[in-house]
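Residue numbers (UniProt numbering): 1 to 473.
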Amino acid sequence: MTLRRRRPLTLTARLVAVAVLLVALTAVVIGTATTLAMRESLEGRLDADVRDAMRFLTGPGPGGDRRDFGPGQQFGTLRAALPDSGDGQGQVLSEQEGEGWSATTALTATQLDALAALGDSSAPQSVDLPDLGSYRVLVTDVQGGTVVAGLPRSEVDRTIEDLVRLELLATLVGVLAAAGAGTWVVRRQLAPLREVAATAHRVAELPLASGDIDLSERVPARLTDERTEVGQVGSALNTMLDHVEDSLGRRHRSEQQVRQFVADASHELRTPLATIAGYTELARTRPETSGTALDKVETESARMTALVEDLLLLARLDSGRPLERRPVDLSRLLLEAVDDVRVVDAQHSWRLSLPDEPITVTGDEARLHQVVSNLLTNARTHTPAGSTVTVSGSGDGFTVHDDGPGFPPDLAPHAFERFTRGDAARTRGGAGLGLSLVEAIVAAHGGTVALASTPGDTTITVTLPPATPSPGA
1 MTLRRRRPLT LTARLVAVAV LLVALTAVVI GTATTLAMRE SLEGRLDADV
51 RDAMRFLTGP GPGGDRRDFG PGQQFGTLRA ALPDSGDGQG QVLSEQEGEG
101 WSATTALTAT QLDALAALGD SSAPQSVDLP DLGSYRVLVT DVQGGTVVAG
151 LPRSEVDRTI EDLVRLELLA TLVGVLAAAG AGTWVVRRQL APLREVAATA
201 HRVAELPLAS GDIDLSERVP ARLTDERTEV GQVGSALNTM LDHVEDSLGR
251 RHRSEQQVRQ FVADASHELR TPLATIAGYT ELARTRPETS GTALDKVETE
301 SARMTALVED LLLLARLDSG RPLERRPVDL SRLLLEAVDD VRVVDAQHSW
351 RLSLPDEPIT VTGDEARLHQ VVSNLLTNAR THTPAGSTVT VSGSGDGFTV
401 HDDGPGFPPD LAPHAFERFT RGDAARTRGG AGLGLSLVEA IVAAHGGTVA
451 LASTPGDTTI TVTLPPATPS PGA
C-alpha cells in the first residue's frame with residue numbers, strides 16, 4: 001500500500017494562512033487582555049459595593065435598626081448574622097416595596113453553612129451558594145458573632161460573557177476579512193510571479209531538441225526590475241534564456257556547418273574520384289593510353305589525399321586536440337618560407353621585412369610553417385604576375401600584403417570559411433580550405449587572423465602569443 005503524497009500548499013495559501021493566523025493570534029491576545037482588564041474593573045466596583053453594604057449593615061443609623069434593607073440597595077444583596085452560639089439567620093433582597101421597604105428571602109440552613117465556612121477577611125471573597133449562585137461577600141467579626149454582607153456576581157459574569165461573545169464575533173469577522181483581503185492582496189502581488197512562471201512554462205513546451213528554435217519568449221521588461229524579488233527572478237530568467245538562445249543558435253549553426261561541410265567534402269571528393277574512375281576505364285579499354293591515365297590517376301589521388309589530410313587536420317583542430325607547444329623562431333620560419341616561394345615563383349616580386357631582434361612565439365613549428373605557406377600560396381595564386389607580395393614580421397606576429405586585385409566585396413566576409421573559393425580558384429581546382437586552415441591553426445595557438453582588402457591593397461594580419469620565458473631565464 002502506497003501513501004498518497006499530500007499536495008503542497010501554494011505560496012498564496014501559505015501567505016494567507018500566515019496572515020490569518022497572525023490576525024487571529026492578535027485578536028486572541030487583545031481579547032484576553034481586554035477581558036481580564038474588564039473583569040478586574042467590574043470586580044473592583046463590585047467589591048466597593050460589597051464594602052458599602054457592610055458599612056450599611058454594621059454602621060450607625062437612624063433608629064439603629066438594620067434588620068431591613070434600606071432604600072437604594074441592589075437586588076440580590078445578601079446579609080447574614082452568624083452568632084457564636086445558636087442558629088444564624090440571613091436574608092437576600094428579592095424586591096423593593098416603595099421607599100424604605102423591601103421584600104427579602106430568608107437564607108436556608110445550607111446557604112448559612114456555606115457562609116459560616118468562610119473565615120474573617122479584610123477583602124471580599126467569592127463563594128458559591130446553593131440556589132443563589134456565585135456571590136462576592138465580606139465577612140466581619142463583631143461582638144458575639146460574625147456578620148456577612150454580599151452581592152451577586154451574576155451581573156459581572158453576564159457582562160464578561162457578553163464581552164467574550166462580542167470578542168469572538170469580532171475575531172471571526174476579522175479573520176474572514178483578513179482571509180479575503182489577504183487573498184486579494186497576495187494574488188495581486190504575486191501576479192507578476194505567475195507571469196514569470198507562465199513565461200518559463202511556455203519556454204519549457206518548446207521543442208528545443210530539434211531544428212532552428214525561435215526562442216524569442218522573454219519576461220516583459222516591467223517585470224525585470226532587480227530592486228524587487230520578482231524582478232530579480234525575471235531578470236535571471238531572461239539572462240538564462242539569452243544564454244540558451246545563444247547556445248541553440250550556435251548548435252544550429254554548427255549543425256548547418258557540419259551538413260555543409262559534409263556536402264562540400266563529398267562534392268570535392270567526387271570530382272577526383274570520378275576522374276580516377278574515368279581514367280581507369282580508359283586504361284582498361286584503351287591500353288595504349290595507360291601511361292597518361294596512370295599519371296592522371298596519380299595526380300588526382302595526390303589531390304584527394306591532400307584534401308583528406310586538410311579535412312582531418314580541421315577535424316582535429318575543431319575537436320580541441322592540443323598542438324605542440326614550444327618556442328618557435330618566427331623570423332627564421334618567415335625567411336625560409338619566402339626563400340622557398342621565390343624559387344617556385346619568379347614572376348612575383350617577393351619582399352621580406354624583419355625587425356633586428358628575432359621574433360619568438362610559442363607554438364607548433366610545423367603548423368605555423370603551414371600557415372605561412374598557405375598565405376604565400378594564396379597570394380601567389382590570386383594575384384597576377386608582376387604583383388608585389390610583402391611579408392613583414394613584428395613582435396606579435398606577421399602580415400602578408402599584396403598589391404593585387406583583392407578579394408571581391410561579397411567574398412571577403414567569408415574568406416576564412418571552409419570551401420570558400422573565388423571563380424579563379426575554381427578554375428585552378430582549389431578546394432577552398434587554405435585560409436580556413438590558417439584561421440583554425442592560428443586560433444588553436446590562441447591567436448587571431450584579420451583581413452583588410454581593397455583593390456590594390458590586401459593585407460592579412462596574423463597575431464600570435466609571444467614565447468613564454470622559461471623558468472630561471
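Glycine residues also receive a C-beta, built at the ideal position from the N, C-alpha and C atoms.
Given the structure is predicted, the values throughout are model-derived calculations rather than measurements.
Excluding five sequence neighbours on each side, which residues of the same chain lie with their C-beta closer than 6 Å to the C-beta of residue i?
i    : result
A412 : S453
V148 : A80, L115, V137 and V139
R303 : P272
L451 : A415 and I460
L317 : A440 and A444
P287 : none
L132 : none
A53  : T77 and A149
T388 : S349 and D403
Q347 : A385
G174 : V23 and A27
On a Cα-Cα basis, can you pick out the residue from the options that is closest to residue i?
i           : options                   : result
G119        : L82, Q89 and S154         : L82
A379        : E417, R250 and I460       : I460
L15         : E417, G182 and Q125       : G182
L269        : T305, G249 and L237       : T305
H243        : V258, E309, E217 and E226 : E217
A366        : P327, V341, D157 and T388 : P327
residue 474 : N374, A385, A274 and V361 : Shown here, the chain extends from 1 to 473; a query on residue 474 therefore has no answer.
R55         : G76, V142 and Q111        : V142
V400        : L93, A265, T463 and R202  : T463
P409        : L376, T458 and D364       : T458
E43         : L312, S126, L333 and A106 : S126
P207        : L323, V258 and L248       : L248
L78         : G86, A385, D84 and L107   : L107
E300        : D356, I276, L311 and E281 : I276
residue 502 : L323, A48 and T104        : Residue 502 falls outside the range modelled here, since the chain spans only 1 to 473, and no answer is possible.
E309        : D295, L36, A265 and V344  : A265
Check the C-beta distance from residue i over to residue j and give it rounded, since I have them as a contact under 8 Å.
i    : j    : result
V371 : V438 : 5 Å
T390 : S353 : 7 Å
G434 : T377 : 7 Å
L129 : Q111 : 5 Å
R321 : G363 : About 14 Å separates the two Cβ atoms, so there is no contact after all.
V185 : L241 : At roughly 30 Å, the Cβ-Cβ gap does not stay under 8 Å, so V185 and L241 are not in contact.
Do you know how far the Cα of residue j is from the Cα of residue i?
i           : j    : result
V23         : S154 : 32 Å
A13         : L193 : 15 Å
L151        : R165 : 24 Å
P272        : I359 : 41 Å
S134        : T58  : 23 Å
V436        : E417 : One point to set straight first is that residue 436 is Ser, not Val, in the sequence displayed. Going by the C-alpha atoms only, they are around 6 Å apart.
P465        : S235 : 38 Å
V219        : T10  : 22 Å
D396        : S254 : 31 Å
residue 479 : R351 : Residue 479 is absent from the structure shown; the chain starts at 1 and stops at 473.
D65         : G90  : Note on D65: pLDDT 43, under 50, position unreliable in the model; the coordinate value appears next. Looking at the two C-alpha atoms, the distance is approximately 15 Å.
F407        : T285 : 45 Å
L314        : S392 : 27 Å
T146        : T26  : 48 Å
V449        : H369 : 15 Å
F398        : E336 : 14 Å
A274        : G291 : 18 Å
A293        : Y279 : 5 Å
S85         : S121 : 21 Å
A424        : L312 : Annotation note: pLDDT 49 at A424 (below 50); position unreliable, no value reported.
E205        : A198 : 11 Å
P8          : V156 : 48 Å
N238        : A200 : 10 Å
A263        : E357 : 47 Å
L333        : A467 : 15 Å
R45         : D87  : 32 Å
P355        : D345 : 25 Å
Going along the chain, which residues of its own chain have a beta-carbon closer than 8 Å to the beta-carbon of residue i, five neighbours each way excluded?
i   : result
M38 : T159, I160 and L163
V50 : P124, R136, V137, L138, A149, G150 and L151
Report all residues from its chain with a CB closer than 7 Å to the CB of residue i; omit the five preceding and five following residues, and keep chain order.
i    : result
R428 : Note that R428 scores a pLDDT of 48, beneath 50, so its modelled location is shaky; the value from the coordinates is reported in the next line. Excluding residues within five positions, the ones whose Cβ falls inside 7 Å are T381.
G446 : P465
V341 : W350, L376 and R380
P455 : P405 and G406
D329 : P358 and T360
Taking Cβ positions only, does residue i come closer than 8 Å to chain D?
i    : result
L333 : This model lacks chain D altogether; it includes just one protein chain.
Exercise. Would you check if there are 3 or more beta carbon pairs closer than 8 Å linking the segment 9-20 to the segment 175-187?
Key: Result yes; three or more Cβ-Cβ pairs closer than 8 Å.
Quiz item: How do the segment 158-170 and the segment 27-34 stand: do at least 3 beta-carbon pairs fall below 8 Å, yes or no?
Solution: The segment 158-170 makes contact with the segment 27-34, as at least three CB pairs between them are under 8 Å.
Exercise. Spell out a yes or no on whether the segment 229-243 and the segment 181-199 are touching, meaning 3 or more CB-CB pairs, one atom from each, closer than 8 Å.
Key: Contact holds: three or more Cβ-Cβ distances are below 8 Å.
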